[in-house]
Structure formats: C-alpha cells, structure tokens
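**Student:** Sharing a structure here in structure tokens format.
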Amino acid sequence: MSQRPTPPTLAIPATSTSPSATSANTQTGRPPLWTKSAQRKMTRLYVYTTLPLEIIVKLVHYRTPESAPGIDSANKKLNALLDKEPRWLHPRTEADMGRRVEQLSHSPTRLASATDMASPHSYDDPPQPSLSPIGVKLEPSASPMPLDLSPFNHGLPASPDRRPSVGQQHATAPPPMQRATASTYKPEPVDDEGVFSSFLRRTTYLSSSTDRTTGSFQRVLSNYTEPYVRTVKRLVKRFTAPISNRVSASPISAVATPRHPWLDDGLGPQTFDGEPHPLPGDFLWLDMCAQEPGLGFAMEDHQQMRCTCFSLFETYESVWVTPRGLTPIGRRILNSGLARDDVNATDCAGNTVLHFLAARARFETLLQVLRSDMCHPILDARNSGGQTFLHVIRRGELHHAPHLFQLLRVASEKNVDVYAQDVYGRNFFHILHMEHIDPSIMDFILQSYDASRYSKRDAFGITPQPSSESATEMELDHTGSVNQRPMDNNDFRLSEESRLLQHVSWAQVYPCLEDRNGGNGLHSLAMATLSYASVLRKYQLAHDSEGESSTGPQNVDNSLDSSKEKLGFRHQLLTGLLDAKVDVNQYDGNGNTPLMVFAAELPEDNDYKTGPQIIDEMIKRGADIRARNRAGETALHIAVRCGRKLAMKSLVTHGANVYAKDSEGRSVLDVADIKMMNARDDDPSEYAHYEACRAWLSSLKGLAVQTPMISDEWARI
Numbered sequence: 001m002s003q004r005p006t007p008p009t010l011a012i013p014a015t016s017t018s019p020s021a022t023s024a025n026t027q028t029g030r031p032p033l034w035t036k037s038a039q040r041k042m043t044r045l046y047v048y049t050t051l052p053l054e055i056i057v058k059l060v061h062y063r064t065p066e067s068a069p070g071i072d073s074a075n076k077k078l079n080a081l082l083d084k085e086p087r088w089l090h091p092r093t094e095a096d097m098g099r100r101v102e103q104l105s106h107s108p109t110r111l112a113s114a115t116d117m118a119s120p121h122s123y124d125d126p127p128q129p130s131l132s133p134i135g136v137k138l139e140p141s142a143s144p145m146p147l148d149l150s151p152f153n154h155g156l157p158a159s160p161d162r163r164p165s166v167g168q169q170h171a172t173a174p175p176p177m178q179r180a181t182a183s184t185y186k187p188e189p190v191d192d193e194g195v196f197s198s199f200l201r202r203t204t205y206l207s208s209s210t211d212r213t214t215g216s217f218q219r220v221l222s223n224y225t226e227p228y229v230r231t232v233k234r235l236v237k238r239f240t241a242p243i244s245n246r247v248s249a250s251p252i253s254a255v256a257t258p259r260h261p262w263l264d265d266g267l268g269p270q271t272f273d274g275e276p277h278p279l280p281g282d283f284l285w286l287d288m289c290a291q292e293p294g295l296g297f298a299m300e301d302h303q304q305m306r307c308t309c310f311s312l313f314e315t316y317e318s319v320w321v322t323p324r325g326l327t328p329i330g331r332r333i334l335n336s337g338l339a340r341d342d343v344n345a346t347d348c349a350g351n352t353v354l355h356f357l358a359a360r361a362r363f364e365t366l367l368q369v370l371r372s373d374m375c376h377p378i379l380d381a382r383n384s385g386g387q388t389f390l391h392v393i394r395r396g397e398l399h400h401a402p403h404l405f406q407l408l409r410v411a412s413e414k415n416v417d418v419y420a421q422d423v424y425g426r427n428f429f430h431i432l433h434m435e436h437i438d439p440s441i442m443d444f445i446l447q448s449y450d451a452s453r454y455s456k457r458d459a460f461g462i463t464p465q466p467s468s469e470s471a472t473e474m475e476l477d478h479t480g481s482v483n484q485r486p487m488d489n490n491d492f493r494l495s496e497e498s499r500l501l502q503h504v505s506w507a508q509v510y511p512c513l514e515d516r517n518g519g520n521g522l523h524s525l526a527m528a529t530l531s532y533a534s535v536l537r538k539y540q541l542a543h544d545s546e547g548e549s550s551t552g553p554q555n556v557d558n559s560l561d562s563s564k565e566k567l568g569f570r571h572q573l574l575t576g577l578l579d580a581k582v583d584v585n586q587y588d589g590n591g592n593t594p595l596m597v598f599a600a601e602l603p604e605d606n607d608y609k610t611g612p613q614i615i616d617e618m619i620k621r622g623a624d625i626r627a628r629n630r631a632g633e634t635a636l637h638i639a640v641r642c643g644r645k646l647a648m649k650s651l652v653t654h655g656a657n658v659y660a661k662d663s664e665g666r667s668v669l670d671v672a673d674i675k676m677m678n679a680r681d682d683d684p685s686e687y688a689h690y691e692a693c694r695a696w697l698s699s700l701k702g703l704a705v706q707t708p709m710i711s712d713e714w715a716r717i
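Okay, so the sequence shown: first residue is 1 according to UniProt numbering, each after it adds one.
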C-alpha cells in the first residue's frame, strides 16, 4: 500500500508592521507605458478580435505612436493581465470573433454603458472621472438588465441596492430587440458586413459621424475590411470598461478582508426562499401555472393567452402538456391509461411519461402502472434536473399514509432507486422531510432504509434522519486549550489555515470526517493554503529582521500555491482523499460541493496545466458538474463569478451547462457582466479576467448566449 502524501505543517509567521509592503506601488515621475485604460483596451481587443498583438498595441497607442511600448512589453503586460499562456482566449477566425461581439451586443448591461459613452467627450482617452457616467452612480444598475420576469424565480424581489428599476433600465438601455437565446440563436446571414452584421446593426445607434471616415483606425487597419474596422472602433470607443470607483484594500487593511470573499459576495445571487424553481418537474404543470400564486402568473392574463408563460415556454416541447392545456395524448393517458407506445416518449427536459403520471395522474393509476412491467425501462429515468418520478409526485399524496406506504412498497418490489438525488442533492426522503411528514411515520419509514445513503445534506442544509437522532458527525476539535491566550485577527486566521490542513490529513483516514461547517476533506483541501510564501502574501505578513520568525521554518520554500510544485502536491492530496472515498458530491454548510469550492479557489496566475487536471480528476471520479447550490449556481457560475478562466474552460469542456441561470435569473454571461462592471479601478487584471471569461464563453467553443430560455437551461441531457 503506497503512502499517502501528508499536508504540510503551517508555521505562523510574524505580522508585518513595515511600510515596505507598499513600496511596490510607489509611483515615479516617469509616465507609465501602460495606463489602466490602455491595459483594459488591450484586453478587450485581445479577447474579442483576431488582431495580432502588434496591431493591438498600435491601436491602443494610436494617439502617441512614438511612445508606444514594444511587443515584448505588450506580451509581459498581457501575461500580467490574463496570466500565463493566454492564447486560448484569443479568437482565431472572424466567425469566432463575430459570435463574440454579437453576444456582446445582446448584453443590456454593456449596451447601457456603451450608450452612456456615446457622447462627444467619450472620445477623450480616458474620460475624466468627473464626467464619467459610470462610477458610483451606476453601481446599483450594474446588474444585467432588463429584469428577468420569470415567474419561476419563486417571487424573489429584486434587491434595491443591486437592481435598477424598470424606469432606470429604459432610460439608458437601447431600443428593445429580439433576445439572443440558445433556442432562437442562428448565425446572421452573411451580407456586405459579413459576420459582423448583427453587431453593427444592433449597435448602429452608438455610431457617430466619424464612424465611416478615414483616420487613425483605418490607417492602422488598412488591410482589413470596412465592417471589421467599424467593429474594432466600436469595441474601443463604445464598449469601454465602466469600472467601479472601488479600490483594493491597502496592505495594512487587507488582513481584515475575508479569506474566501466569494462566500460573502455582495454581487452574488440571493438564496432561494423556499423550494427552488424552476425545475423540469414544474413543466408538467405548465397548463396549471395560473393556479399557483407562488409562480406569479395572472389567471386572467393566462386565459387570454397574454401570460408571460407563453413566451417563456415558447420553445418547450412536450407530447402531454402546453401552456394552453393538456394535449390529446396527455388527456388520453390520464383518462384511459397508458399504452405501450407511450413509454418511450419524453419532453425536451427529459421528463418521461412516468414523471407525467406521477405529477398528474390519479394515485391508483400510477400504482397500476408501477406494478406492471410496462415502465420497467424508465423506473429510474431522470430528467435534466436529476429528478426521478418520485421527486415530482403530487405532494398531497405523501400526506396520506396508506398511499405513501403503498408507493414505497411497490418501489421496493421494483428496485426503484429511492436515493437518487436531483441537482440540489435532494432524494425522496428530503421531499418527505420538506413536506413535514408526521415524525412517527418518518421514523417508521427510515428504519427500512440505508442511513448512509438517505441521510445526506442537500444544498439547503437539510439532512433527513430519524427524529430521535441528533447530529453525530465527527468534528475536529475547535475548543483549543483553556489556557491559550486570546488570538488577534491574524493568529486566528492562521490557526484556521492550520485546521484546514489538519482536516485534510485526518480525512484520509476518516473519510466521513466533517468540520464544524459541514465540509469534508475535499472542501478543506480546496480552501487550504499549502505554501508558506502564499500565507505571507495572503495575510500581508513578513519575515522578521533576521530573515525568519522564531516560529517559522529556517529554510523557506518561496513557491506559491500557484506554482507547479504546490499545485501538483494539491493534486496528490486530492487523489489520496478520493482514494479514501471522501464524498466528491457532499454539500457543506454553505450549500456548496467540493467542485464548486475548487472552481472558486484554484489559483491560476502561474502553472496553467495542473489546476485543470484537478478539475478533470474530480469529474472523472464522479463530481456532478450540474449540481447547484442554494442560490441556483453551478460550479460554472462560481468559476465565472470568481474570474477563474481555467476552471471555466475545464468545466465547459466536460459539458457544464452554459445555459444555466442562478436564482436571480442570471446567465453566466450576466454574471461576468455584473462582476466586470464592479471591478476595481486600480486592478486592471480583475477586469481582464471577467472580460476574458465573457468573451470565451460566447465564442464558438463556449456557445453561451446572453438570455437562455427556460427550455434551453433545462434541455434534455
């Protein structure tokens, strides 16, 4: 048996009180080669156009060509902005470029910002802060617009500090045009403007009298077509970066920032209030939506076919139900029973006829079908939300004890998988728990099933278990010594870092070990800092004047967590935990799976190969790429929200759903927009990461669209 790798022991270095930490930011009298505006323009041109870097530099510095940086300087700056080997982010063909800019033109957020910039003074480079329409004023409207009016947001109100009013939206937004959805998206027919026709047409109102005149852009781009030049010019002049006035925390105050800020992100989505909607099982009640007050439909509007559900589900395909009512086949099945020819039918979300019967048929009809062998091939079939027929059964039947016992008896006889989990980690016993089934009945039921399989925490923190039991999870000792002196902020955080490493080590022996937040060893490994040098950087600490603190190591390894060595070591630890059978899909107390935490935490600023290999390994070992947290986010949403380009690419390569939307109805492109709009002015790389995520996701490889339809989001897998 091979020996498993052991996490390092974390020594606590000394806190820095020296001002030397700020010396790197000291300004000299010499003007910078790369202004922040120039860096953002270079990023935008690099990720949206096919232009070579040499031409990009000329365009960015077209006003001062004599002082333009050289190509080596540009490459170094590009690597500083987009990390090592960013070439995969650069479109190779005009078709790819065309799709990227077309999706950009579908972004209400970016169009609203571009509209604000379409004024004479916006040609000045850069616009002065006093004249800028962006800054603090636009922060409340940084969220993608218009508001998603989907009734399946479960009545969640828009947060006033994040969402603009409808009036505010229309004050700055361009004239309404057809939404870009996955179902409706088709490449624009090629005309004189070629692949740029959609972008140029949708942004015509942004053009100026100089759009078609000769000038610096035409001279630099003399070998390119006029539509290409106009596209580039609008990218530079109109789609400027509306950067927030926020600045980075100073080195002294940085120690007060959260260790994992993505867990408390003010720009992140709100958690669901109650059960998450929509899920594919909801579609089976589509014709009854007006009778569900929580879904927000108006009965009169629905009857007059003016209900929003008709547009929301215009691409939904089902042989049983439509927004207008049951189909002839649906009525025949409910009234006369199932025919063998009905068994193989599914709707576009993967619901089977058994899902339909569970949701809509009389209980006796469902039992009769289950007792026959007719539906044997689809007993465990799941729709695109991971729901079996048990997840979508009419909830009222579950409160009728005789019916519930009959259902479970037949399910047991037919070997139905009652432990199957949906994308929120909920099995049938979670459904019973949410329905507040009588505790004595629940206890009687649970004694017949495997607790290790049914008693799993879901995204909402619910763990089904007998009423007589209390939580028995193994936890690390968090009490410490009673004689231990009170720790200052840094000491506490460093102690927490050590505790993460301790958890990783013990989890290889006790795979079910949880920390006090419900995370397993994989969660701890994702959040742990493995290198001494990264601890110094993370907490703004410094060696003492003799070169090391008395408690620190004497021979310091200066490798950061982003180095090949440390990422390789993290990969080894991951393999050890997976070999020890640590649950790769367990939800922690925050409602996140290990894959989500790795997508948020893996560093990308150095080694660009090992991080994706870690994601690959987790998915290969069974990590559910479609799992969602309690705010409806997938791992892909979280990767984009954290600006993790490599994690994003790996997830998409493995089939992550680029059409998924979070609890506030935001697509992955929406998430990139809102984060980009709030990027710090003093950190161009933050903007660059979000712009790169957005551009690549909208490429011919990413294939994301700005506003996916519900049927796009939940399309059959």
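Positions of the beta carbon are idealized from the N, C-alpha and C atoms, including for glycine.
Would you decide whether ASP712 is buried or exposed? Buried here means 16 or more other CB atoms lie within 10 Å of its CB.
**Tutor:** Label assigned to ASP712: buried.
**Student:** Any idea what DSSP makes of THR322, helix, strand or coil?
**Tutor:** DSSP places THR322 in strand when its eight states are reduced to three.
**Student:** What do you reckon, are the CB atoms on VAL416 and LEU379 nearer than 8 Å?
**Tutor:** The answer is yes: Cβ separation under 8 Å.
**Student:** To the nearest angstrom, how far is the alpha carbon of HIS260 from that of THR529?
**Tutor:** Distance between the alpha carbons of HIS260 and THR529 is about 11 Å.
**Student:** If you follow the alpha helix (DSSP H) that VAL47 is part of, which residue opens it and which one closes it?
**Tutor:** Run containing VAL47: 36-48, per the alpha helix (DSSP H) assignment.
**Student:** Where does LEU541 fall in DSSP's three states?
**Tutor:** Residue state, collapsed to three classes: strand.
**Student:** Could you tell me the alpha carbon to alpha carbon distance between SER524 and LEU408, rounded to whole angstroms?
**Tutor:** C-alpha separation (whole angstroms): 37 Å.
**Student:** Indicate the three-state DSSP secondary structure (helix, strand or coil) for GLU275 in the structure shown.
**Tutor:** Three-state DSSP puts GLU275 in coil, outside helix and strand.
**Student:** Which full runs of the alpha helix (DSSP H) of 4+ residues lie inside the region 417-477, going along the chain?
**Tutor:** Fully enclosed alpha helix (DSSP H) runs of 4 or longer: 428-434, 439-446 and 451-454.
**Student:** Reducing DSSP to helix, strand and coil, say where GLN484 ends up.
**Tutor:** A caution first: GLN484 carries a pLDDT of 42, below 50, which makes its placement in the model too unreliable to give a value.
**Student:** Specify whether the region 618-637 and the region 436-453 touch according to this definition: at least 3 beta carbon pairs, one from each stretch, less than 8 Å apart.
**Tutor:** Output reads no: the region 436-453 does not touch the region 618-637.
**Student:** In terms of residues, what are the limits of the alpha helix (DSSP H) holding VAL220?
**Tutor:** From DSSP, the alpha helix (DSSP H) with VAL220 extends over 216-220.
**Student:** Would the region 625-632 count as touching the region 455-465 if we require 3 or more Cβ pairs under 8 Å?
**Tutor:** Cβ pair count under 8 Å is three or more, so yes.
**Student:** Do you know how far the Cα of LEU697 is from the Cα of PRO466?
**Tutor:** Approximately 45 Å between the Cα atoms of the pair.
**Student:** Relative to the alpha-carbon of LYS36, which residue among ALA695, ILE710, LYS701 and ASP681 has its alpha-carbon at the smallest distance?
**Tutor:** Closest by alpha carbon: ASP681.
**Student:** Using the C-alpha atoms, what's the distance from LEU104 back to LEU200?
**Tutor:** Taking the straight line from one Cα to the other gives about 11 Å.
**Student:** Of all the options ALA420, TYR419 and HIS436, which has the alpha carbon lying nearest to the alpha carbon of HIS400?
**Tutor:** Here the closest residue by C-alpha is HIS436.
**Student:** Quick check on VAL705: buried or exposed, where buried means 16 or more other Cβ atoms within 10 Å of its Cβ?
**Tutor:** Burial call: buried.
**Student:** Using three-state DSSP, classify ARG680 as helix, strand or coil.
**Tutor:** In this structure, ARG680 counts as strand in the three-state DSSP scheme.
**Student:** Within the same chain, show all residues whose beta-carbon is closer than 7 Å to that of THR610, passing over the 5 residues directly before and after it, in chain order.
**Tutor:** The answer, listed in chain order, is LYS564, LEU567, GLY568 and HIS571.
**Student:** Pop quiz: MET601 and ALA526 are said to be a contact at Cβ under 8 Å. What is the actual Cβ separation, rounded to whole angstroms?
**Tutor:** A small correction: the amino acid at residue 601 is Glu; Met does not occupy that position in the sequence shown. That belief holds up - the Cβ atoms of GLU601 and ALA526 are roughly 5 Å apart, short of 8 Å.
**Student:** Out of curiosity, what's the CA-to-CA distance linking residue 745 and VAL343?
**Tutor:** Residue 745 cannot be examined here, being either before or after the span of the chain that is shown, 1 to 717.
**Student:** In the DSSP assignment, the alpha helix (DSSP H) including HIS403 goes from what residue to what residue?
**Tutor:** Note, HIS403: alpha helix (DSSP H), 401-413.
**Student:** Out of curiosity, what's the CA-to-CA distance linking HIS61 and LEU221?
**Tutor:** Straight-line Cα distance between these residues: approximately 14 Å.
**Student:** Please list, in chain order, all residues of the same chain as LEU669 whose beta carbon is under 7 Å from its beta carbon, the five residues on each side excluded.
**Tutor:** Excluding positions up to five away in sequence, the list reads GLN103, SER107, ARG694, LEU697, SER698, ALA704 and GLN706.
**Student:** Where does GLU85 sit, in a helix, a strand or coil, going by DSSP?
**Tutor:** In this structure, GLU85 counts as coil in the three-state DSSP scheme.
**Student:** Counting C-beta neighbours from all protein chains within 10 Å, is the total for GLY521 16 or more, i.e. buried, or is it exposed?
**Tutor:** Result: buried.
**Student:** Run the CB neighbour count on SER216, radius 10 Å, all protein chains shown included, and call it buried at 16 or more, exposed below.
**Tutor:** Counting Cβ neighbours within 10 Å, SER216 comes out exposed, since fewer than 16 surround it.
**Student:** Helix or strand or just coil, what does DSSP make of VAL255?
**Tutor:** Any answer about VAL255 is weak, because its pLDDT of 39 lies below 50 and its placement is not dependable; what the coordinates show is given next. In the structure shown, VAL255 sits in a helix (DSSP, three-state: H, G or I).
**Student:** Candidates THR315, GLU664, PRO227 and MET709: which alpha carbon is nearest ASP347's?
**Tutor:** For ASP347, the nearest C-alpha among the options comes from THR315.
**Student:** What are the start and end residues of the alpha helix (DSSP H) that includes PHE569?
**Tutor:** Run containing PHE569: 564-579, per the alpha helix (DSSP H) assignment.
**Student:** To the nearest whole angstrom, what separates the beta carbons of LYS645 and ALA692, a pair I think is in contact under 8 Å?
**Tutor:** Contact flag correct, Cβ pair sits at about 5 Å.
**Student:** Examine chain D for any beta-carbon lying closer than 8 Å to the beta-carbon of THR388, and answer yes or no.
**Tutor:** The structure shown contains no chain D, having only a single protein chain.
**Student:** For ARG666 and VAL640, I'd like the C-alpha separation in whole angstroms.
**Tutor:** In a straight line, the C-alpha of ARG666 is about 12 Å away from that of VAL640.
**Student:** What are the start and end residues of each continuous alpha helix (DSSP H) run of 4 or more residues lying completely inside the region 491-533, in chain order?
**Tutor:** Listed in chain order, the complete alpha helix (DSSP H) runs (minimum 4 residues) inside the region 491-533 are 521-527.
**Student:** If the criterion is Cβ atoms closer than 8 Å, does the pair GLN406 and LEU432 meet it?
**Tutor:** No, the pair does not count as a contact, with Cβ atoms beyond the cut-off.
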